[in-house]
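Taking it in order: structure first as structure tokens, then the write-up.
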Amino acid sequence: MNHSAKIFIAGHRGLVGSAIVRNLQKAGYDHIITRTRAELDLTDQHAVSSFFAAEKPEYVFLAAAKVGGIHANNTYPADFIYQNLTIQNNIIHHSYVQGVKKLLFLGSSCIYPKLCPQPMKEEHLLTGPLEPTNSAYAVAKIAGIEMCRSYNRQHGTKFIPVMPTNLYGTNDNFDLENSHVLPAMIRKFHLARLAVAADFAAIGRDEKLFGTIPADIKSALSQPVPQVILWGSGTPKREFLHVDDMADACIYLMQHYNHTDLVNIGTGQDLTIKELAELVARIVGFTGEIVFDSSKPDGTPRKLLDVSRLRQTGWSPSISLEQGIRDVYQWYISRSA
């Protein structure tokens, strides 16, 4: 992938896509192609066909997707399966039609069975039932993997499916109704700290920037000792990777990985949700009460990726979880100041 190659980043405004753009620009790539949703509707087959025919990108990073946490996946399953299937189908097919040299498809670790052996190896895919709360999203991503495999087998393409672990970082979604666990924690603990300081003007600015604060959270913040209420028991274990490390891994694989096998991307280390909450609270400076609502679903008990295949390529992450959370929190408060 030389520095003058035409590279299309689908989903360049999202968490992963924006990190890939930053990384490519820093590395000196000067022909990066992007389109906003208003400029190109990736669910419109004709529009995607016309775009690929006109631009003829040589490399494609397929980072565009509809994503969300347990609540969003469980509430809007039709949206998740329809939009993700349609985006994938359009981009993968027209990458083949226009002779794209290499495509990297971003899946998700939720594709693995709910009770998958730990750590999860690539060959564990489709060996057991999925977690019901996000099965629609997982099925869509599994279809994307199979689509890459099928085009590779039938047409000799080089479409690489990769499975990232839980990601966080700059440009994350902090909407408390639809975000993933780590950004939701950062915002909840930050709001609770503001409540302790009775800085209601700052809470109002935060709401305007990052989305409505649900009534139950406002109620918890108004307690004499503000509470942060988190879903589940706190016992599930999760792995987290900074999005800048994720982007670096994706570009590394695009440059150096000459196979088409599925590749897990992660750190190979995890911690409990309770441990994560305590870490975020310490970084944010919240000293109030942390409450786990065990009436809410936990999701999969554990999701730790086996990253042996990735390590064999020569790549490993460089950002520790604590440093990564500190960096994200500084970005977050700089936006809301």
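Numbering of the sequence shown is given in this note's numbering, commencing with residue 1 and proceeding in unit increments. Ideal Cβ placement from N, Cα and C applies to all residues, glycine included.
CA-to-CA distance, residue j to residue i, given in whole angstroms
i	j	result
Q255	Q227	47 Å
S4	T287	51 Å
A136	E275	29 Å
F52	I265	28 Å
T267	D293	28 Å
W315	A249	7 Å
I217	V196	14 Å
A19	Y151	27 Å
Y29	F61	14 Å
Y76	K101	35 Å
T86	F105	14 Å
G232	Y257	39 Å
I9	K141	18 Å
H155	K56	18 Å
T157	R311	24 Å
F174	A47	31 Å
V307	I32	29 Å
V16	A63	6 Å
L40	N89	15 Å
L176	I213	7 Å
P372	Y332	Not covered by the structure: residue 372. The range shown for the chain is 1 to 337.
A95	I111	Here the sequence assigns Ser to residue 95, which means Ala is not the residue at that position. Near 23 Å, if we compare the C-alpha coordinates of I111 and S95.
Y82	P161	19 Å
T260	L115	26 Å
Residue range of the alpha helix (DSSP H) that includes residue i
i	result
P218	The residue you asked about is not Pro; residue 218 is Lys in the sequence shown. From DSSP, the alpha helix (DSSP H) with K218 extends over A215 to L221.
I283	I273 to V284
L125	From DSSP, L125 is part of no alpha helix (DSSP H); its letter is neither H nor E.
R37	R37 -> no alpha helix (DSSP H), and no H or E assigned at all.
E146	S135 to H155
D79	P77 to V97
G17	L15 to K26
V48	Q45 to E55
K188	V181 to V196
D327	L321 to S336
E207	F200 to F210
Nearest residue (CA-CA) to residue i, options the options
i	options	result
I325	G156, A277, E58 and C250	A277
P113	I290, E123 and D248	E123
F210	S50, T133, R13 and L191	L191
I145	V181, G99, H93 and P129	H93
D327	A249, R238 and P183	P183
A281	D79, Y329, T165 and S222	Y329
S318	F240, G285, P297 and D41	F240
L262	T157, Q45, G107 and Q98	G107
A27	I251, L271 and A337	I251
A138	L176, P119, N84 and F189	N84
R302	A54, S308 and L271	L271
P117	S320, L305 and W331	L305
A247	A54, T170 and Q223	T170
I91	H259, R149, N178 and D44	D44
H242	L126, S49 and Q269	Q269
A78	N134, Q25, A143 and Y332	N134
V284	F189, Q98 and L126	F189
D298	E131, L103, T313 and M163	E131
Host beta strand (DSSP E) of residue i (start-end)
i	result
A231	Inspection of the sequence shows that residue 231 is occupied by Trp rather than by Ala. W231 -> beta strand (DSSP E) spans Q227 to W231.
V307	Counting along the chain, V307 falls outside any beta strand (DSSP E), and DSSP gives it neither H nor E.
A265	In the sequence under discussion, the amino acid at residue 265 is Ile, which differs from the Ala named in the question. Where I265 is concerned, the enclosing beta strand (DSSP E) stretches over V263 to I265.
Cross-strand partners of residue i (DSSP beta bridge)
i	result
I160	L104
V291	I229
H242	Y168
M120	L305
K237	T272 and R302
I9	F61
I111	Answer is none; I111 lacks a bridge partner.
I32	I7
Counted within 10 angstroms of its Cβ, other Cβ atoms place residue i as buried (16 or more) or exposed
i	result
R322	Inspection of the sequence shows that residue 322 is occupied by Glu rather than by Arg. With fewer than 16 Cβ atoms within 10 Å of its Cβ, E322 is classed as exposed.
F200	exposed
N166	buried
K66	buried
N73	buried
V21	buried
V225	exposed
T36	exposed
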